[in-house]
Amino acid sequence: MNTEPRNCDLCQLPIEVPGYELKTVSGVKQFCCEGCQGIWQMLHEDEILKEEPS
Ligand SMILES: [Zn+2]
């Protein structure tokens, strides 16, 4: 499995708690915290893919 550590796509800090993710037109973005996820979401609202209802 690929468990390579990632850095936050907003602040570039290492991600210690996984799960803050957004699916976007350029791939899945990962963040270190809810705050970074929220800021990125505001800045790139039109790049975020909506979850398909299952
Ligand atoms: Zn961050």
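The C-terminal position of the sequence shown is numbered 62 in our numbering, with every residue numbered one higher than the one before it. Don't be surprised by glycine CBs; every beta carbon is placed ideally from N, CA and C.
Worksheet entry | Selected residue, minimal CA-CA separation from cysteine 41, among Pro26, Pro13 and Lys58 | Closest option to cysteine 41, Cα to Cα, is Pro26.
Discussion item. Please list the terminal residues of the continuous alpha helix (DSSP H) segment that includes leucine 51.
Written reply: Start and end: 42 to 51.
Item to complete: Could you work out which residue in Leu21, Gln49 and Pro13 is closest to threonine 32 when comparing CA atoms only?
Response: Looking at the Cα atoms, Gln49 is the closest of the given residues.
Worksheet item: How is glutamate 24 classed by DSSP in three states: helix, strand or coil?
Response: In the structure shown, glutamate 24 sits in coil (DSSP, three-state: anything other than H, G, I, E or B).
Worksheet item: For glutamate 55, which three-state DSSP category applies?
Response: Of the three classes helix, strand and coil, the one that applies to glutamate 55 here is helix, per DSSP.
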